[in-house]
Amino acid sequence: MKLITRICWLLLGVLFIFSGLIKLNDPIGTAYKLEEYFEVFAVDFGSFFLLFKNSTRTLSLLLSSLEVVLGVALLLRWYLRKTLWVLLGLLVFFTFLTFYSAAFNKVTDCGCFGDFIKLTPWQSFSKDVFLLVLWAVVFFNQRYMRRVFAKGMLGIMYITLASAVAIGIGVRALGHLPYLDFLPYKVGNDIGKLMQASEPLRYKYIMERGGQTQEFTEYPTDSTWKYKQMVPLNPDAGPKITDFKVWNDQGDYTPELLKGNRLVLIIQNTDKTDRDRFELINNLMQSADSSQKKITPLVITSSSPAEFDAFRHEVNLVAPFYYADATVLKSMIRSNPGFILLKDGVVKGKFHYHDIPSRATLEELL
8 MKLITRICWL
18 LLGVLFIFSG
28 LIKLNDPIGT
38 AYKLEEYFEV
48 FAVDFGSFFL
58 LFKNSTRTLS
68 LLLSSLEVVL
78 GVALLLRWYL
88 RKTLWVLLGL
98 LVFFTFLTFY
108 SAAFNKVTDC
118 GCFGDFIKLT
128 PWQSFSKDVF
138 LLVLWAVVFF
148 NQRYMRRVFA
158 KGMLGIMYIT
168 LASAVAIGIG
178 VRALGHLPYL
188 DFLPYKVGND
198 IGKLMQASEP
208 LRYKYIMERG
218 GQTQEFTEYP
228 TDSTWKYKQM
238 VPLNPDAGPK
248 ITDFKVWNDQ
258 GDYTPELLKG
268 NRLVLIIQNT
278 DKTDRDRFEL
288 INNLMQSADS
298 SQKKITPLVI
308 TSSSPAEFDA
318 FRHEVNLVAP
328 FYYADATVLK
338 SMIRSNPGFI
348 LLKDGVVKGK
358 FHYHDIPSRA
368 TLEELL
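Taking my numbering as reference, the numbering of the sequence shown is continuous, increasing by one, and the terminal residue is 373.
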């Protein structure tokens, strides 16, 4: 039992650190997921939860950092009993969220491991139950965990250092872009290719007759079989990007966007767009337009025409503009505003508004 307890202790600590670091890699993505939960809770339990929507980035940073710090404290066995109780509170909270999502189909991806590992609601719930089992093994066998690896002031120094590192990682990611990009629009990806299936989708058909269920690789011609379900045999072959579309008043602009060299300025909700850098942004847009690489600058926004028209006059933005779905723009770049450089639909560069590039940098990437 001693060995099992120590294995559970190690797994629990490592998984908490890993989960926290993955979220801190992309704290804005975690904040989007918290917003989704608060909107669902506001509908089901009352508008009180909408009060937290404006604090999701802070909550994302604090909760993710707490996971890392608790994982470190557990591995150091620093105030082990108290650390385990705090861990239990966090685990119960996460288990409730994932069960609620799974049972009532409210949030289809919990964001437990960010965009690095996608889990279905029931997989997320099973993961949390597994962590609770690990916790129970450690908690009820603390007699095997008596040795503390950092006592007194040394322990405080380690926990302080872990807190500072975790918060520092998250704060930098908030002010720039994720260190590791796991989204479909990461640098190097061909958007046009990802909008197509890698191979034809194949399905199996689950049919029922007289209380008997049978699977078919081809739809049966026998009309006595009653259709029950269609399941893809190669689901990974489907398009990785299914909702990318850009348009204006003249119609669909998506095919044109994926041709040539394009410097795309992404502006999501204009109410939340940072306005401080638009002098530099406008200078880059004008500079790119005169590049020998024939870079076409343009703007894509999810705001309404009236809102964006007022906004572009406010910041003196002169460039063709188009519209796209807000969720798509959030997936394209974790910056509002932010730049994406495209060459025939291939993402050659992504830039936060704190890291506005020069024209020479853009030309080097093309």
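All C-beta atoms, glycine included, are put in the ideal place defined by N, C-alpha and C.
Query                                                                                                               : Result
First through last residue of the alpha helix (DSSP H) which encompasses Phe318                                     : 312–321
Spatial neighbours of Leu17 in its chain, beta-carbon cut-off 8 Å, leaving aside the 5 residues before and after    : Leu82
Nearest-angstrom Cα separation, counted from Ser131 out to Pro312                                                   : 39 Å
Opposing strand residues paired with Gln221 [DSSP bridges]                                                          : Met214
Which residues DSSP lists as bridging Pro304, in chain order                                                        : Leu270
Nearest-angstrom Cα separation, counted from Glu222 out to Lys193                                                   : 39 Å
Beta-bridge pairing of Ile288 - partner residues as DSSP gives them                                                 : Answer is none; Ile288 lacks a bridge partner.
His339 classed as buried or exposed, judged by whether at least 16 other C-beta atoms fall within 10 angstroms      : A small correction: the amino acid at residue 339 is Met; His does not occupy that position in the sequence shown. It is buried - the Cβ of Met339 has at least 16 other Cβ atoms within 10 Å.
Gln219 to Phe48 span [Cα, whole Å]                                                                                  : 41 Å
Pick from Glu314, Gly195, Glu225 that is closest to Leu208, judged by C-alpha positions                             : Glu225
Nonlocal neighbours in the same chain, by C-beta distance under 6 Å from Tyr212, ignoring five residues either side : Phe223, Tyr226, Met237
Length of the line joining the Cα atoms of Trp85 and Leu98                                                          : 19 Å
Identity of the residue in Ala333, Phe318, Glu42 nearest Ala326 by Cα                                               : Phe318
From Arg88, Leu87, Ala171, Glu42, residue whose alpha carbon lies closest to that of Leu28                          : Ala171
Span separating the alpha-carbon of Pro281 from that of Tyr234                                                      : Checking the sequence shown, residue 281 turns out to be Asp, not Pro. When rounded, the distance between both Cα atoms is 53 Å.
Contact test: Val306 Cβ vs the ligand HEM heavy atom, cutoff 6 Å                                                    : What this structure holds is no ligand at all, so the ligand HEM is not there to describe.
Simplified DSSP state of Ile35, which is helix, strand or coil                                                      : helix
Contact set for Asn148: own chain, Cβ-Cβ below 7 Å, skip 5 residues either direction                                : Met8, Thr12
Whether Val253 touches Ala331 by CB criterion (7 Å)                                                                 : yes
Own chain partners of Asn241 with C-beta closer than 8 Å, once the 5 adjacent residues on each side are dropped     : Glu206, Leu208, Arg209
Cβ pair count under 8 Å reaching 3, the region 296–304 against the region 263–272                                   : yes
Complete beta strand (DSSP E) runs within the region 173–252 (minimum length 3 residues, chain order)               : 210–216, 219–223, 233–239
Where the alpha helix (DSSP H) containing Phe137 begins and where it ends                                           : 128–146
Contact set for Arg154: own chain, Cβ-Cβ below 8 Å, skip 5 residues either direction                                : Arg84
Ile347 - partner residues in DSSP beta bridges                                                                      : Val271, Lys357
Per-residue burial, Phe376 [other beta carbons within 10 Å of its own, 16 or more giving buried]                    : Outside the shown range of the chain (8 to 373) lies residue 376, about which nothing can therefore be said.
Cutoff 7 Å; reference Leu372; Cβ partners in own chain excluding five residues on either side                       : Leu348, Lys355, Gly356
Status (buried if at least 16 other CB within 10 Å, exposed otherwise) for Met164                                   : exposed
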